[in-house]
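Position one of the sequence shown corresponds to residue 3 (this note's numbering), numbered consecutively onward.
Don't be surprised by glycine CBs; every beta carbon is placed ideally from N, CA and C.
Below is one structure; the comments refer to it alone.
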Amino acid sequence: MDLYYSFIDSPLDRLNLQIAMLNEPRRISLFQVKASSSEDSSPPVDAGEIFSDLKEKWDAVENKSTVILYGGGAVVAVWLSSIVVGAINSVPLLPKIMELVGLGYTGWFVYRYLLFKQSRKELATDIESLKKKIAGTE
């Protein structure tokens, strides 16, 4: 207790500080987290195994230059989009307009695809066909 009050000179200052600390609202945590470890929960991750899997996949790639080009293009696209979003955010009225556009699109999407059972089925089939196109099975 002396560590907390070592900077206070008089007993009256110490009493005032204690009263002020009692008047402060206390925050109660609603979530309690407990970390534990058990042998049967999950096996440990082996970094060597991960690197060997990545090396096998990289060796299986035929067109390495194309993969590097696409990866570099993705990094540049993320960087440019960050610059564009920063520029849009600096214009005074534009962020609020963009929020309204986003809310409008969200409302339209919910009405079009999520509100009715038939449209939910249509959305599910569209997603499945897109997955097949990406995976190359279609």
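Discussion item. My assumption, with CB atoms under 8 Å, is that V63 sits in contact with V69. Please give the rounded CB distance.
Written reply: About 6 Å separates the beta carbons of V63 and V69, which is inside the 8 Å limit, making them a contact pair.
Fill in: CB-CB length for Y115 against R122, believed under 8 Å
Their Cβ separation, rounded to whole angstroms, is 7 Å, which keeps Y115 and R122 in contact under 8 Å.
Worksheet entry | C-beta contact flag for M100 and I85 at 9 Å | No, Cβ-Cβ distance for M100 and I85 is not below 9 Å.
Worksheet item: Can you list, in chain order, the stretches of the alpha helix (DSSP H) that have 4 or more residues and sit fully within the stretch 71-126?
Response: 96-111, all fully within the stretch 71-126.
Practice prompt. Let me know the secondary structure DSSP gives E58 once reduced to three states.
Written response: Helix.
Worksheet item: Quick one: Cα of V103 to Cα of W81, how far?
Response: The straight-line gap from Cα to Cα measures roughly 23 Å.
Worksheet item: What number of angstroms, rounded off, separates the C-alpha of S131 from the C-alpha of K36?
Response: Roughly 43 Å between the two C-alpha positions.
Fill in: Separation of S54 from L48, as counted between CA atoms
The identity of residue 48 in the sequence shown is Asp, whereas the question assumes Leu. CA-to-CA, the gap between D48 and S54 works out to about 10 Å.
Fill in: Through-space distance from K135 to G106, alpha-carbon basis
Near 29 Å, if we compare the C-alpha coordinates of K135 and G106.
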